[in-house]
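Below: one structure, written as structure tokens.
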Amino acid sequence: MEDLTLHSPLTALPGVGPAREKALAKLGLATVADLLACFPRDYEDRTVREGIDTLPLEEPVCFAAMVAQPFQTNFLRRGMDLTRGRVVDATGQVDVTFFNQSYVRTALVPGETYYFYGKLTGGPGHRRQMTNPIFEREGQRTFAGRIAPVYSLTAGINAKFMGKLQQAAAGCVDQIGETLPEDLRRDYDLADAAFSYRTIHFPDSWEDLRRARRRLMFEELFCLNLGLTLIRGRRSSQSAIPFEKQDLAAFTGSLPFALTEAQLRSAREAATDLSQPVPMNRLLQGDVGSGKTAVAAACAYLAWQNGCQAALMAPTELLAQQHGKTLSSLLGGLGLRVDLLTGSMTAAQKRACRQALEAGDIDLLVGTHALLSEGVEFRRLGLVITDEQHRFGVGQRAALSAKSGGDQSPHVLVMSATPIPRTLALMIYGDLDLSVIDRLPPGRTPVETVLIGEDKRQRLYGFVRKQVGLGRQVYVVCPAVSEEDSEGMKAAEQLGRRLREEVFPNLRVAIVHGRMKAADKQAVMAAFAAGEADILVSTTVIEVGVDVPNASLMIVEDADRFGLSQLHQLRGRVGRGSHQSYCVLVSDNRSEMTRKRLKTLCATTDGFVIAEEDLKLRGPGDFFGARQHGLPQLKLASLEGDMRLLRQAQEAARDLLARDPGLTRSEHAPLRGRVEDLFRENRDIFN
Ligand code: ADP
Ligand code: MG
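Per the working numbering, the sequence shown starts with residue 3, numbered consecutively.
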């Protein structure tokens with residue numbers, strides 16, 4: 003124990019053997035340092051209060067009381083027992099009941115005093131009661147009498163044990179180096195590191211806790227900002243081939259439609275960047291179906307006009323194929339040679355493609371991650387486009403950029419259909435400039451969206467038959483793969499089978515989910531796209547977009563299990579053709595908040611309105627939570643609520659980098675380490 007350091011494995015702590023080590027690993031914890039950085043998700047006020055008979059009912063309270071008589075256990079039935087007893091203090095007594103915790107019979111010793119924490123119940127004239135309280139023996143308390151941290155737990159690690167671990171780890175807080183320079187802490191009134199780490203786990207007062215949280219949040223935002231600014235700075239020190247020729251007339255003239263105002267604006271913004279000798283780094287954000295591909299094509303056209311190659315990377319094979327087809331038809335007639343490179347091609351096909359690429363016989367290469375593989379060399383790569391950016395990390399973008407085949411970096415265009423409110427986007431994609439396509443092309447019929455309960459299921463199935471009868475296709479999305487581990491949620495495997503065998507025996511029902519092999523998934527989706535299935539039962543694997551214009555109905559099972567933005571994304575799978583399309587959200591959840599969320603979706607098809615609403619209702623944590631963005635996950639800071647702190651952190655980062663642009667001064671070494679840590683997955687920011 004005496005050698006415990008921040009780097010010690012958790013097995014160095016008392017009570018942690020292989021089983022608990024594994025359970026802790028599930029929480030992402032491997033070392034003492036991890037433990038200290040695992041902040042409570044909430045706190046409970048366990049200030050010890052006096053007088054059982056005067057304490058308020060129905061709210062959590064902590065008090066001391068003596069066990070008046072031995073606790074007794076009754077076995078009610080299999081898997082259910084009750085242990086009861088009575089505790090007293092100077093003012094009164096409480097009947098205490100535990101369900102399925104018969105060990106308390108020996109743990110609670112008559113005549114001894116314990117601290118109890120829980121809710122008192124019982125009306126006037128009745129004795130006070132308490133069910134399943136938390137208790138600690140006097141003289142051995144961890145949490146009683148204080149503000150108690152509440153941690154995220156997992157099977158095998160209960161609250162008490164986690165508290166003990168944190169207490170043991172707290173012995174190492176003084177080893178945590180201070181990352182924030184002293185003058186900065188003074189200017190922004192920030193607590194020091196050791197205090198903050200100790201206090202966030204075991205606060206002595208709510209005011210201390212506020213100070214600790216503020217410091218740690220500031221540090222998080224500050225480091226995020228430093229990292230992003232360094233990434234941006236590295237870019238402006240790079241050079242790119244300027245696309246000086248900027249004539250899009252032939253391109254726009256050959257399109258089967260007129261570009262919308264929003265598409266034109268985005269294309270112009272990109273073209274201006276592309277004309278510069280520094281790499282463009284632009285995020286093109288547009289709702290599903292807003293026509294991002296045409297803007298990407300315009301950029302690829304400019305690359306070609308300026309003697310450069312372009313690459314487009316998509317997150318799935320099918321999507322790459324679809325892009326390949328679309329872009330060939332948009333650009334092929336203008337003289338661009340468009341080719342495809344995906345993992346499923348044969349070795350010979352890949353080799354031929356690589357050779358053509360190196361020889362400069364391909365102008366636009368569309369593909370999957372295969373584009374990143376070794377041996378893929380461009381002759382003169384001037385532009386990299388990635389679609390559905392949230393599936394790629396910053397590092398992967400950088401890897402593709404590194405393939406330019408010269409000293410110069412390619413321009414980068416990132417396309418995303420995740421509608422993120424602007425303030426948040428600037429933070430998340432802090433290293434990118436932003437273009438937004440905020441209007442859909444004309445002539446779209448909005449998807450009609452309704453929310454129904456289980457009672458309407460038969461009618462819904464009737465509607466499915468009708469749509470299929472009209473020659474349309476139907477998506478059914480479930481929140482889970484298999485009922486074995488779905489915790490009661492609708493699962494694709496079982497629902498799919500039921501629909502195929504019992505409900506629609508005459509229709510063709512296909513099933514696809516994330517646990518299938520990639521090749522099998524591709525095959526099922528391709529078959530659906532080709533019209534070889536009427537109904538596709540799936541998980542959210544279909545979220546990122548293949549175009550099946552003939553699909554006119556999307557059913558989302560247990561719709562309350564999805565985020566609003568995700569539902570919007572899913573809904574974008576229909577309404578891509580000329581038919582009136584429908585989205586049916588099935589949910590029996592009666593919670594007012596949930597119904598309000600789902601009703602938002604019924605009321606609007608504007609992705610940005612939906613995202614704002616989602617943000618308001620769920621808070622921004624979830625935008626980061628899923629780790630979709632390839633950027634560091636913030637533990638504490640929530641951007642919307644902490645705008646002031648965010649601005650302060652931004653200002654502080656700017657000031658610091660003005661004095662030490664590369665963060666290379668020795669006194670900033672700890673800070674630099676912290677930034678590197680935060681951007682662990684993007685190690686390349688410093689070189
Ligand atoms: P997304 O932004 O979701 O990638 P796409 O680029 O796939 O959208 O475009 C969706 C559909 O809209 C495509 O079928 C495309 O041909 C069509 N489209 C794009 N721009 C226009 C436009 N200006 N006018 C009419 N249709 C358009
Ligand atoms: Mg698209």
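All residues carry an ideal CB built from backbone N, CA and C; glycine is no exception.
For residue 367 and residue 359, believed in contact at Cβ under 8 Å, the rounded distance: Taking the first residue of the sequence shown as position 1, residue 359 is located at position 357. Taking the first residue of the sequence shown as position 1, residue 367 is located at position 365. Contact holds; Cβ gap of about 6 Å.
At least 3 beta-carbon pairs within less than 8 Å: the segment 187 to 197 vs the segment 208 to 223: Two segments are said to touch when three or more pairs of C-beta atoms, one from each, lie closer than 8 Å; by this definition the segment 187 to 197 touches the segment 208 to 223.
Within the segment 457 to 535, ranges of the alpha helix (DSSP H) (whole runs, at least 4 residues): DSSP assignment within the segment 457 to 535 yields the following whole alpha helix (DSSP H) runs of 4 residues or more, N-terminal first: 459 to 471, 494 to 500 and 520 to 531.
Between the CA atoms of residue 507 and residue 60 - distance to the nearest angstrom: Translated into the one-based positions of the sequence shown, residue 60 becomes position 58. Translated into the one-based positions of the sequence shown, residue 507 becomes position 505. Taking the Cα positions, residue 60 is about 53 Å away from residue 507.
Inter-residue spacing [alpha-carbon to alpha-carbon] between residue 265 and residue 296: Locating residue 265 in the sequence shown gives position 263, where the first residue counts as 1. Locating residue 296 in the sequence shown gives position 294, where the first residue counts as 1. When rounded, the distance between both Cα atoms is 8 Å.
Own chain, CB closer than 7 Å to residue 320, minus 5 neighbours either side, in chain order: Counting from one through the sequence shown, the residue named residue 320 turns up at place 318. Counting only Cβ-Cβ distances below 7 Å, and skipping sequence neighbours, we find 524, 527, 528 and 548.
Straight-line Cα distance separating residue 530 from residue 10: For the purposes of this step, residue 10 is identified with residue 8 of the sequence shown, where counting begins at 1. For the purposes of this step, residue 530 is identified with residue 528 of the sequence shown, where counting begins at 1. Cα to Cα, the separation comes out at about 52 Å.
Inter-residue Cα distance where the pair is residue 15 and residue 23: Position 13 of the sequence shown, counted from the first residue, corresponds to residue 15. Position 21 of the sequence shown, counted from the first residue, corresponds to residue 23. Each residue's Cα considered, the two are about 10 Å apart.
Residue 243 vs residue 310 beta-carbon contact at 8 Å: Position 241 of the sequence shown, counting from 1, holds the residue named residue 243. Position 308 of the sequence shown, counting from 1, holds the residue named residue 310. Contact flag set, yes.
Bridge partner(s) assigned by DSSP for residue 118: Here residue 118 is taken as the residue at index 116 of the sequence shown, counted from 1. Answer is 65 and 137.
Under the three-state DSSP convention, the category residue 680 falls into: Working through the sequence shown from its first residue, we reach residue 680 at position 678. Three-state DSSP puts residue 680 in a helix.
Separation of residue 437 from residue 694, as counted between CA atoms: Absent from the structure is residue 694, since the part of the chain shown begins at 3 and ends at 689.
Whether residue 112 touches residue 70 by CB criterion (8 Å): Within the sequence shown, residue 112 is the residue found at index 110, counting from 1. Within the sequence shown, residue 70 is the residue found at index 68, counting from 1. Yes, they are a contact pair.
Check: residue 262 C-beta below 7 Å from any heavy atom of ligand 1: As a working mapping, residue 262 is identified with position 260 in the sequence shown. Residue 262 Cβ: within cutoff of ligand 1.
Whether residue 541 touches residue 480 by CB criterion (8 Å): Within the sequence shown, the letter at position 539 stands for residue 541. Within the sequence shown, the letter at position 478 stands for residue 480. With respect to residue 480, residue 541 sits close: the two C-beta atoms are nearer than 8 Å.
Interface flag, residue 73 vs chain D, CB-CB below 8 Å: Absence of chain D from the displayed structure is noted, only one protein chain being present.
Contact check, residue 285 vs residue 411, beta carbons under 8 Å: Reading the sequence shown from its first residue, position 283 is the one you call residue 285. Reading the sequence shown from its first residue, position 409 is the one you call residue 411. Cβ distance not < 8 Å, so residue 285 and residue 411 don't count as in contact.
Residue 140 versus 50, 227, 125 and 306, residue with shortest Cα-Cα distance: Translated into positions along the sequence shown, residue 140 becomes position 138. Of 50, 227, 125 and 306, the residue nearest in Cα terms is 50.
Exposed unless 16 or more other CB atoms sit within 10 angstroms - verdict on residue 457: Counted from its first residue, the sequence shown places residue 457 at position 455. So residue 457 counts as exposed.
Proximal residues to residue 492 (C-beta, below 6 Å), its chain only, five neighbours per side dropped: What you label residue 492 is simply residue 490 of the sequence shown in a count that begins at 1. These residues qualify, in order along the chain: 480, 559 and 560.
Burial state of residue 294, where buried means 16 or more other Cβ atoms lie within 10 Å: Locating residue 294 in the sequence shown gives position 292, where the first residue counts as 1. Label assigned to residue 294: buried.
Cβ-based burial, residue 56 [other Cβ within 10 Å; buried from 16]: The residue given as residue 56 occupies position 54 in the sequence shown. The residue is exposed, with fewer than 16 neighbouring Cβ atoms inside 10 Å.
DSSP three-state assignment for residue 341, whether helix, strand or coil: If you number the sequence shown from 1, residue 341 lands on position 339. In the structure shown, residue 341 sits in a strand (DSSP, three-state: E or B).
Among 536, 76, 105 and 288, the one whose alpha carbon lies nearest that of residue 442: Taking the sequence shown and counting its residues from 1, the one referred to as residue 442 is at position 440. Out of 536, 76, 105 and 288, 288 has the C-alpha closest to the C-alpha of residue 442.
Cβ distance (whole Å) where residue 68 is taken to contact residue 98 below 8 Å: For the purposes of this step, residue 68 is identified with residue 66 of the sequence shown, where counting begins at 1. For the purposes of this step, residue 98 is identified with residue 96 of the sequence shown, where counting begins at 1. Contact flag wrong, Cβ pair sits at about 12 Å.
Nearest to residue 590 (by Cα), restricted to the options 221, 454, 259 and 522: For the purposes of this step, residue 590 is identified with residue 588 of the sequence shown, where counting begins at 1. It is 454 whose Cα lies nearest to the Cα of residue 590.
Limits of the beta strand (DSSP E) - the one that residue 88 falls within: Position 86 of the sequence shown, counting from 1, holds the residue named residue 88. Where residue 88 is concerned, the enclosing beta strand (DSSP E) stretches over 82 to 90.
8 Å contact criterion, which residue 225 and residue 676 should meet: CB distance rounded: Within the sequence shown, numbered from 1, the residue matching residue 225 stands at position 223. Within the sequence shown, numbered from 1, the residue matching residue 676 stands at position 674. Confirmed, about 5 Å.
Identity of the residues DSSP links to residue 608 by a beta bridge: Taking the sequence shown and counting its residues from 1, one reaches residue 608 at position 606. None; residue 608 has no bridge partner.
Pairwise C-alpha distance: residue 445 and residue 327: One-based indexing of the sequence shown puts residue 327 at position 325. One-based indexing of the sequence shown puts residue 445 at position 443. Computed Cα separation, rounded: 23 Å.
Residue environment, residue 631, which counts as buried when at least 16 other CB atoms sit within 10 Å: Sequence index remark: in the sequence shown, residue 631 carries index 629 (1-based). Low per-residue confidence applies at residue 631: pLDDT is 40, beneath 50, and the placement is therefore not dependable, though the value from the model is reported in the following sentence. It is buried - the Cβ of residue 631 has at least 16 other Cβ atoms within 10 Å.
Start and end residues, beta strand (DSSP E) containing residue 662: The residue you call residue 662 lines up with position 660 of the sequence shown. Element bounds for residue 662: n/a, residue is neither H nor E.
Cβ-heavy atom distance, residue 295 to ligand 2, below 7 Å: Position 293 of the sequence shown holds residue 295. Short note on residue 295: C-beta closer than 7 Å to some heavy atom of ligand 2.
Nearest neighbour of residue 1, chosen from 86, 94, 93 and 90 [CA to CA]: Only positions 3 to 689 of the chain appear in this structure, which leaves residue 1 out of reach.
DSSP-derived helix/strand/coil call for residue 75: Here residue 75 corresponds to residue number 73 of the sequence shown, with the count starting at 1. Strand, per DSSP.
Endpoints, the alpha helix (DSSP H) within which residue 572 is located: Translated into positions along the sequence shown, residue 572 becomes position 570. Judged by DSSP secondary structure, residue 572 falls within the alpha helix (DSSP H) whose first and last residues are 566 to 573.
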